[in-house]
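Protein chains in written order, with the UniProt record's numbering: chain A, 31 to 227; chain B, 31 to 227; chain C, 1158 to 1324; chain D, 1158 to 1324. Even for Gly, the Cβ is constructed at its ideal location relative to N, Cα and C. A quick write-up on the structure given underneath.
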Amino acid sequence: GHLSRIELENFKSYKGKQIIGPFKKFTSIIGPNGSGKSNLMDAISFVLGVQSAQLRGSTLRDLVYAYDVQDSKEKRNASVSLVYVLNTNDEEEEEEEEDESEGRDGDKENSKKKKRQKRGEEEGEKNEVRFSRTISNSGASDYKIDNKTVTFEEYAEKLKQFGILVKARNFLVFQGDIEAVAQKSPKDLTQLFEQLS
Amino acid sequence: GHLSRIELENFKSYKGKQIIGPFKKFTSIIGPNGSGKSNLMDAISFVLGVQSAQLRGSTLRDLVYAYDVQDSKEKRNASVSLVYVLNTNDEEEEEEEEDESEGRDGDKENSKKKKRQKRGEEEGEKNEVRFSRTISNSGASDYKIDNKTVTFEEYAEKLKQFGILVKARNFLVFQGDIEAVAQKSPKDLTQLFEQLS
Amino acid sequence: RGARFRGAFEHVEKRISETYRELTKGSAHPTGGQAFLTLENYDEPFLGGVNFTAMPPSKRYREMEMLSGGEKTIAALALLFAIHSYRASPFFVLDEVDAALDKSNVEKMARFVRSKSLGKGGTQSIVISLKDNFYDKAESLVGVSRDQREACSKVLTFDLTQFAETA
Amino acid sequence: RGARFRGAFEHVEKRISETYRELTKGSAHPTGGQAFLTLENYDEPFLGGVNFTAMPPSKRYREMEMLSGGEKTIAALALLFAIHSYRASPFFVLDEVDAALDKSNVEKMARFVRSKSLGKGGTQSIVISLKDNFYDKAESLVGVSRDQREACSKVLTFDLTQFAETA
Ligand SMILES: Nc1ncnc2c1ncn2[C@@H]1O[C@H](COP(=O)(O)OP(=O)(O)OP(=O)(O)O)[C@@H](O)[C@H]1O
Ligand SMILES: Nc1ncnc2c1ncn2[C@@H]1O[C@H](COP(=O)(O)OP(=O)(O)OP(=O)(O)O)[C@@H](O)[C@H]1O
Ligand SMILES: [Mg+2]
Ligand SMILES: [Mg+2]
């Protein structure tokens, strides 16, 4: 699968609702200093469950769009959604887990087709999953999968199914961090491997 | 005054004797990754008395040219000299301090001229000062002004006369340090001002 | 626990020298540089550290701290990609990782990222960059600008695959 | 002691807003941005901190940590040059300080450095850079390369004043 698009609402320097995408296999984000490139990466990190301290904000409210210090009293809501598209073989993987208990191969094939049709109808040919995270005006944060509120554990579990391990975070490199990776002490590297295994 | 040239001998990636210069009012150092640009800045910092830990070396011996780890047993000597050229008005400044005790303006002017002639003859029309710092094969470091060994205090005092305050180091920005300057905490900034005043 | 650790370590250890070679090979150095990982304590890996060493093409072994800014960046990227091959996430997000790289290393890195993301089983890459000789190799661009009147960020998307690929 | 501190502070405080304006003004924002310094404890300055705030052109006040990488670099340079004006050393050495800057900020910075070094009473600048739109504004270049055979660094010097100045 891959990341198809990001939907922002009042997140950092992105005012109102904005949809960003589609992202291809190799997409580059460009623009002048201070335009909002790193804020876009912060949005992706935020929706995956990364804490606000790593996103240059001391509280969650700092991540909500504000024109100036006064404006931050406006108490806007903010949210980010990440739409993840499954590869056709991803579907296979998902279903593989469910089908293990069924009968022989022939039956398996048929039942898979039926299952997919049913699933397709249910979700309108849906082969995408929508992960969302919101910030309410009281500063609380909510997690949703396909618009259904879930606990953070369920959320992280679903992400893990697609190979997105937010704890290890080895797939996000924030601005200025790259050189620090090479200078990690042997102890730090041991810890990194521990998280990985 | 200004920095006219740098003379290196077996310093970091600079093998043997090399003279680098002349440096103009605005000189840029360019070259591919790993070629030795930052090592040149390390040479300028070293000759001004900056400690080796700031120059990416744990000991002074690490700053001596070595082909590989085996080679570092060669026990080469290393040294850096910085040739500083005085502006004509710099001379004035230096002499100003000495002349304060003399007679009326007329006398002053004459005596300045005489003094300069004498000084010129002595040092061969010299209007440059040569600061040098060496690393011996035992790992000790020596300071010299115009090839005469001096203590570090005398060395730092002479540099101070030209406005080079190595303690404050506000005129050297090492690779990667610039962003940290803007993020200094209020306490850090107070300390910086304290060193300055 | 120790066995799982050794499993992860051995996988990454095999991949690191190949990844570093791929990132550092060029016309001047067809075989690229060498990189390796070693365990301080094989039996009880948690008690020891993991040492990482990288030697740029035609250079001898030196402590990692003696390498230049650009050399450290390339070594770090090789380590990241090697680690990633053990636990592949579906996408990468990198923020101006090319800041310390000279023109030729930017080109090498861009080609490397492109080769890792396109094709079957590749990992999607989303990379923030200020350098045109990096982003001209991407499939699509997300252009961010500041809208003065609205005092906020705005975005435009460009599909580069419509244009002939730059050499 | 307190008086000397306040003396240094007041000098730099006057210069910071002018320096920051010079570094940030451009065709889009002729008046540039605003920067200022404040003392937490005026009477006993050592007991309190010094707060530094920078507001890029057309942006409102925000904590320094919310600024972008490029915006922080420009603010830091302004502070350095303002501090330098109080205790002017005869030369500056800067190592790839333009790494986080976009093309237009690199140009602004290069013109600023050039204006501060040339002319009467200027401070000599020695600046390491990888970006051609920075170093093409220098008076001379020191080109460093690695000599493969000798396994060491070699240097060549170029005097750029012989060629017509680039626009
Ligand atoms: N909550 C917020 N509301 C509005 N604007 C915000 C908010 N948080 C941050 N910003 C603005 O976002 C800008 C920084 O954006 P960002 O860090 O994404 O820039 P960038 O494009 O990465 O720039 P660079 O190339 O310099 O790294 C800052 O100028 C800041 O004022
Ligand atoms: N004592 C030494 N003897 C020989 N070579 C050394 C010594 N110390 C450091 N080096 C070499 O110098 C190189 C680093 O040089 P330097 O940091 O100056 O590069 P640079 O031109 O600044 O590169 P970048 O643009 O990546 O910052 C390293 O590859 C290292 O091997
Ligand atoms: Mg950024
Ligand atoms: Mg360097």
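When the beta-carbon positions are compared, serine 171/A and arginine 160/A stay at least 9 Å from each other. Residue environment for leucine 1204/C: exposed (fewer than 16 other C-beta atoms within 10 angstroms of its C-beta). Closest in C-alpha terms to phenylalanine 1291/C, from the list Gln48/A, Ile50/A, Lys47/A and Ser58/A, comes Ser58/A.
Taking 9 Å as the threshold, the shortest C-beta distance from valine 113/A to chain C does not fall below it. Interface with chain C (9 Å Cβ-Cβ cutoff): glutamine 205/B is included.
Burial check for glutamate 1253/C: the Cβ neighbour count within 10 Å reaches 16 or more, so the residue is buried. Using a C-beta cut-off of 8 Å, the segment 1208-1215 of chain C makes contact with the segment 1225-1232 of chain C, since at least three inter-stretch Cβ pairs fall below that distance. Think of a sphere of 7 Å around the beta carbon of serine 43/B: the chain D residues whose beta carbon falls inside it are Cys1309 and Ser1310, in chain order.
When rounded, the separation of the alpha-carbon atoms in lysine 55/B and serine 1282/D is 6 Å.
Distance between proline 216/B and arginine 199/B, taken at the CA atoms: about 19 Å. Exposure of arginine 1161/C is indicated by the presence of fewer than 16 other C-beta atoms within 10 angstroms of its C-beta.
In the three-state DSSP reduction, serine 1261/C falls in the helix class (H, G or I).
At a cut-off of 9 Å between beta-carbon atoms, serine 1274/D makes contact with chain B. The Cβ-Cβ distance between leucine 116/A and asparagine 177/A does not fall below 9 Å. If you draw a 10 Å sphere on the C-beta of asparagine 167/A, you find fewer than 16 other C-beta atoms in it, and that means exposed. The C-beta of serine 65/A comes closer than 9 Å to at least one C-beta of chain C. A Cβ-Cβ separation of about 11 Å leaves tyrosine 95/B out of contact with lysine 47/B under the 8 Å criterion. With a threshold of 9 Å between beta carbons, tyrosine 95/B makes no contact with chain C. At a C-beta separation below 7 Å, valine 211/B has these neighbours in chain D: Ala1233, Leu1236 and Leu1237. In terms of Cβ geometry, leucine 1196/D and alanine 212/B do not form a close pair [threshold 9 Å].
Chain order is used for the residues whose beta-carbon lies nearer than 5 Å to a heavy atom of ligand 1, namely Lys42/A, Ser43/A, Asn63/A, Gly64/A, Ser65/A, Gly66/A, Lys67/A, Ser68/A, Asn69/A, Tyr95/A, Ala96/A, Arg1219/D, Met1223/D, Ser1225/D, Gly1226/D and Gly1227/D.
Bounds of any beta strand (DSSP E) do not take in valine 99/A, whose DSSP letter is neither H nor E. Put simply, the backbone Cα of isoleucine 194/B is about 40 Å away from that of glycine 66/A. DSSP places leucine 1236/C in the uninterrupted alpha helix (DSSP H) bounded by 1226-1243.
Of Arg1158/D, Arg1172/D, Val1169/D and Glu1179/D, the smallest CA-CA separation from arginine 1271/D is found for Glu1179/D. Take the alpha-carbon of leucine 1317/C and the one of glutamate 209/A: they are about 30 Å apart.
When secondary structure is reduced to three states using DSSP, asparagine 157/A falls in the coil class, being assigned neither helix nor strand. Of all residues in the segment 1215-1227 of chain D, those with a C-beta nearer than 9 Å to a C-beta of chain A are Lys1216, Arg1217, Tyr1218, Arg1219, Glu1220, Glu1222, Met1223, Leu1224, Ser1225, Gly1226 and Gly1227, reading in chain order. Ranked by how close their Cα comes to the Cα of glutamate 39/B, the residues Gln225/B, Arg106/B and Asp98/B have Arg106/B in first place.
When Cβ pairs closer than 8 Å are counted between the two stretches, the segment 1259-1269 of chain C is seen not to touch the segment 216-226 of chain A, the count staying below three. C-alpha of leucine 1313/C to C-alpha of phenylalanine 192/A: approximately 28 Å in a straight line.
At least one beta carbon of chain D lies nearer than 9 Å to the beta carbon of aspartate 1259/C.
When CB distances to chain A are screened at a threshold of 7 Å, not a single residue of the segment 1175-1200 of chain D falls below it. When distances are taken from the beta-carbon of glutamine 205/B to the heavy atoms of ligand 2, the shortest one is below 8 Å. Taking C-beta atoms as the reference points, phenylalanine 1166/C and leucine 1194/C count as a pair closer than 9 Å.
Among the residues of the segment 1241-1257 of chain C, those with a Cβ less than 9 Å away from any Cβ of chain D are Asp1252, Glu1253, Ala1256 and Ala1257, in the order of the chain.
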